[in-house]
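This report concerns only the one structure given below.
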Amino acid sequence: MPPTSRPALRIIACAALLSSCAATVKTAELALIDTERDLRERKDEAPTSSPSHPPILFLPFDGVNRDLLYDMLRKGELPKLTDLLSGEGKKFPHAYFDEHLVSTMPSSTMAAWTTTMTGVPPAEHGVAGNEFFIREDGRLAAPAPVSFNDSKPTIEIYTDGYMNSLVKVPTVYERMRKREPNILIWVALHQLYSGADRMLFATSTVLAKALEEGLVEAADFATLQGEKPDRRKFAMLDEDVVEKVKDALEDEDDPVPDILTVYLTGTDLYAHVAEEGPDDARRAYLREVADPAIGILASQLRERDALKDRWVVVTSDHGHTPVRHDTKHALWTEGKDSPPGLMKKAGYRPRPFQMKVDDDVTFDAVLCEGGATAYVYLADRSTCTDPKLACDWKKPPRYEEDVLPLAEAFFKNNADGKLAPRLKGTIDLILTRRPKPYQEVDLPFEVYIGDGKTMPMGAFLQQHPHPTYIATEARLRDLAAGVRGERAGDIMLLAHNGDREIPDERYYFASKYRSWHGSPSRQDSEIPLIIANQRFTADEIRAQVTPLLGAAPRQQKVADVLLGLRAARRQ
Ligand SMILES: [Zn+2]
Numbered sequence: 179m180p181p182t183s184r185p186a187l188r189i190i191a192c193a194a195l196l197s198s199c200a201a202t203v204k205t206a207e208l209a210l211i212d213t214e215r216d217l218r219e220r221k222d223e224a225p226t227s228s229p230s231h232p233p234i235l236f237l238p239f240d241g242v243n244r245d246l247l248y249d250m251l252r253k254g255e256l257p258k259l260t261d262l263l264s265g266e267g268k269k270f271p272h273a274y275f276d277e278h279l280v281s282t283m284p285s286s287t288m289a290a291w292t293t294t295m296t297g298v299p300p301a302e303h304g305v306a307g308n309e310f311f312i313r314e315d316g317r318l319a320a321p322a323p324v325s326f327n328d329s330k331p332t333i334e335i336y337t338d339g340y341m342n343s344l345v346k347v348p349t350v351y352e353r354m355r356k357r358e359p360n361i362l363i364w365v366a367l368h369q370l371y372s373g374a375d376r377m378l379f380a381t382s383t384v385l386a387k388a389l390e391e392g393l394v395e396a397a398d399f400a401t402l403q404g405e406k407p408d409r410r411k412f413a414m415l416d417e418d419v420v421e422k423v424k425d426a427l428e429d430e431d432d433p434v435p436d437i438l439t440v441y442l443t444g445t446d447l448y449a450h451v452a453e454e455g456p457d458d459a460r461r462a463y464l465r466e467v468a469d470p471a472i473g474i475l476a477s478q479l480r481e482r483d484a485l486k487d488r489w490v491v492v493t494s495d496h497g498h499t500p501v502r503h504d505t506k507h508a509l510w511t512e513g514k515d516s517p518p519g520l521m522k523k524a525g526y527r528p529r530p531f532q533m534k535v536d537d538d539v540t541f542d543a544v545l546c547e548g549g550a551t552a553y554v555y556l557a558d559r560s561t562c563t564d565p566k567l568a569c570d571w572k573k574p575p576r577y578e579e580d581v582l583p584l585a586e587a588f589f590k591n592n593a594d595g596k597l598a599p600r601l602k603g604t605i606d607l608i609l610t611r612r613p614k615p616y617q618e619v620d621l622p623f624e625v626y627i628g629d630g631k632t633m634p635m636g637a638f639l640q641q642h643p644h645p646t647y648i649a650t651e652a653r654l655r656d657l658a659a660g661v662r663g664e665r666a667g668d669i670m671l672l673a674h675n676g677d678r679e680i681p682d683e684r685y686y687f688a689s690k691y692r693s694w695h696g697s698p699s700r701q702d703s704e705i706p707l708i709i710a711n712q713r714f715t716a717d718e719i720r721a722q723v724t725p726l727l728g729a730a731p732r733q734q735k736v737a738d739v740l741l742g743l744r745a746a747r748r749q
């Protein structure tokens, strides 16, 4: 198949969206983007696919927690997805529904999907969150900026493989290709696609994604006018990506891919801003937008006779927790009372909140935000006592002189609010550990308890039970204790959020939203995993996949399931 791109039609479609968004600069930039990228060339004589192993349709849904999805399926509210899973009414004789999978910490998109698609935790793959600091390069990585608005890095995920370049371990696709050099892999819109043959995205999807912040602002504006945020703009993301995959599958000259990944993202984006709250918003969205889109995808696959022994694997990255849409609860980066405001008062110089800073801008601290959590990275301040000099970020900070004073400042302020009154009582846990050089395996986080003292996480949680938090110690170890564990910061802050029953008592590190995630709570962390194949009974599937998942599976196990299913011979 010759490398081609088929951009024409979609660009016209997105022009309409853009005129309403009035983002002319981005339009010009993005109109040049192909809607499809061939990532690798296949030699003319090479087989076009690898049909001796069972094919897989992988459906990652963004921001859908387990209870919500399973409840809707069991109530028969998602008929097209039910069909795809070979369900009959409320019964699923050919599907295994896992009841134990928990997301990464933080329960957030970039860390979670990287974990799913590599099979190793953040402390190994290095993507600690939607934004994080790479000390050895002295640079920020922000595939989905939270502490500032900038759509460019998100666009670059699709145009330049930005996420691919941040991940330092092989993906599931690369591991499959090592076993089967001719495997044909298509990935639609998912952020990580190293090892795939083809990345598919509709131009309008990328445009809308790029304009996500614009959409959110538009949603705010609509709310001020007494209108609801316009869900159609979010729906277009998913409808377009499915349409794009459908178009690609229509070409009878191309084999249907052995592995087809189709990422649906609108559920999460809409849940963040929906006035009706994330649960109602996601239910309606899944029913009215995602399910019909899946119907279109499934019927095209049936047309190509490509479903009869194909594994269908459905999962998600995290749940959602309603929060208050106001500056009291949004612990963003603006103002003296903000987290960086506190850091300045404590004598630190935070890095400006933007993707790139000029060489002459120096800083000795970096704050990265991510909803329920935030990371603080500190320099060895003895390397930059003169504020005109850049700190040596390759060195770890000194525990007593650089880390503990700031941990103490956050701790004290949380009790008395003297440095930053607005932040008083907003933090649940302040975590820290003795820093190690970045090349070494990092220690797990401990809980800072004041006066320069810390307590191991397990012992602390025993003394101070957090009944809504699950697998906290294990997941924070996955995040922090490894060769790239320093990317979770020298200090990690967990806001009161997933530990609180009501939105009025929940805080989040981001600009104003109506829902966020990231905490270790059940609500944010319990994710679905459905594995279906119409050639097998539910019990037979259970017998195949439970040894791969183990007893208390965390998100990295999904990769083992995908590899395991694909390893079998096709019957
Ligand atoms: Zn989200």
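Under this note's numbering, the first residue of the sequence shown carries the number 179, and numbering increases by one thereafter. Cβ atoms here follow ideal geometry from the backbone N, Cα and C, with glycine treated the same way.
Looking only at C-alpha atoms, which of SER228, ARG684 and ASN243 sits nearest to ASP457?
ASN243
Could you check if GLU223 is buried or exposed, using at least 16 other CB atoms within 10 Å of its CB as the buried criterion?
exposed
Out of curiosity, what's the CA-to-CA distance linking GLY619 and ARG665?
One point to set straight first is that residue 619 is Val, not Gly, in the sequence displayed. Spanning the two alpha carbons is a distance of roughly 12 Å.
Just to confirm, is the Cβ distance from LEU601 to LEU509 under 8 Å?
yes
Would you check if the distance between the CB atom of ALA557 and the CB atom of TRP571 is smaller than 8 Å?
yes
SER183 to ARG215, Cα distance in whole Å?
Summary for SER183: the model assigns pLDDT 34, below 50, so the residue's position carries little reliability, and this model does not support an answer.
With distances taken between CB atoms, is the gap from ARG662 to GLY304 smaller than 8 Å?
If you check the CB distance, ARG662 and GLY304 come in under 8 Å.
When the Cα atoms are used, what is the spatial distance from PRO583 to ALA524?
8 Å
Cβ of HIS450 within 7 Å of any heavy atom in ligand 1?
yes
Within the present structure, is the beta-carbon of GLY241 separated from the nearest heavy atom of ligand 1 by less than 7 Å?
Because some heavy atom of ligand 1 lies under 7 Å away, the Cβ of GLY241 counts as near it: yes.
Report whether the distance from the Cβ of HIS278 to the nearest heavy atom of ligand 1 is below 7 Å.
no
Whole angstroms are fine: how far does the CA of GLU578 sit from the CA of ILE474?
59 Å
What are the boundary residues of the alpha helix (DSSP H) that VAL419 is part of?
Looking at the DSSP string, the run of the alpha helix (DSSP H) that includes VAL419 is 409-428.
For GLY513, which residues of its own chain have a beta-carbon under 7 Å away from its beta-carbon, when the five flanking residues on both sides are left out?
These residues qualify, in order along the chain: GLY519.
Got a sec: does ligand 1 put a non-hydrogen atom nearer than 7 Å to the Cβ of THR287?
yes
Considering just the uninterrupted stretch of the beta strand (DSSP E) at TRP489, what are its terminal residues?
489-494
May I ask whether a heavy atom of ligand 3 can be found less than 7 Å away from the beta carbon of VAL298?
Ligands present in the displayed structure are limited to ligand 1, and ligand 3 is not among them.
Please give the ranges of any beta strand (DSSP E) in the segment 272-354, keeping only runs that are unbroken, at least 3 residues long and fully inside the region.
273-275, 310-312 and 317-319
Between the alpha carbons of THR632 and THR610, how many angstroms are there, rounded?
8 Å
Any heavy atom of ligand 1 closer than 7 Å to the CB of ASP446?
yes
Does chain D have any CB closer than 8 Å to the CB of ALA598?
Included in the structure is just one protein chain, with no chain D present.
Would you say the beta carbon of HIS503 comes nearer than 7 Å to a heavy atom of ligand 1?
Relative to ligand 1, even the nearest heavy atom lies 7 Å or more away from the CB of HIS503.
Around the C-beta of LEU263, are 16 or more other C-beta atoms found within 10 angstroms, so that it is buried, or is it exposed?
buried
Could you pull out every residue in the same chain whose Cβ sits closer than 8 Å to the Cβ of ASP738, ignoring the five residues on either side in sequence?
Closer than 8 Å at Cβ, skipping near neighbours: GLY297, LEU726 and LEU727.
By the DSSP assignment, the beta strand (DSSP E) with ARG376 in it spans what residues?
376-378
By a C-beta neighbour count over all protein chains shown, 10 Å radius and 16 as the cutoff for buried, is ALA206 buried or exposed?
With a pLDDT of only 35 at ALA206, under 50, the local geometry of the prediction cannot be trusted, and no value is derived from it.
Drop a sphere of 10 angstroms on the beta-carbon of LEU567, count the other beta-carbons inside from all chains shown, and report buried for 16 or more, exposed for fewer.
exposed
Please name the residue or residues paired with LYS596 in a DSSP beta bridge.
Looking at the DSSP output, LYS596 shares a beta bridge with no other residue.
Between which two residues does the alpha helix (DSSP H) containing GLY444 stretch?
Counting along the chain, the alpha helix (DSSP H) containing GLY444 begins and ends at 444-451.
Where are the beta strand (DSSP E) runs, 3 residues long or more, that stay fully inside the segment 516-555, in chain order?
543-548
Could you tell me how far apart the beta carbons of GLU683 and HIS674 are, in whole angstroms, since I believe they sit closer than 8 Å?
6 Å
Return the Cβ separation of ALA658 and PHE714 in integer angstroms, given the expectation that the two are a contact with Cβ distance under 8 Å.
That belief does not hold up - the Cβ atoms of ALA658 and PHE714 are roughly 39 Å apart, past 8 Å.
Which whole-angstrom value describes the C-beta separation of ASN130 and PRO321, a residue pair presumed to lie in contact below a C-beta threshold of 8 Å?
Nothing about residue 130 can be read from this structure; the chain reaches only from 179 to 749.
Does the distance from the C-beta atom of VAL350 to that of LEU740 stay below 8 Å?
yes
When you compare only the Cα positions, how much space is there between ASP537 and LEU344?
22 Å
Compare the C-alpha of PRO706 against each of PRO407, ALA484, ASP495 and SER699 and name the closest.
Of the candidates PRO407, ALA484, ASP495 and SER699, the one whose C-alpha sits nearest the C-alpha of PRO706 is ASP495.
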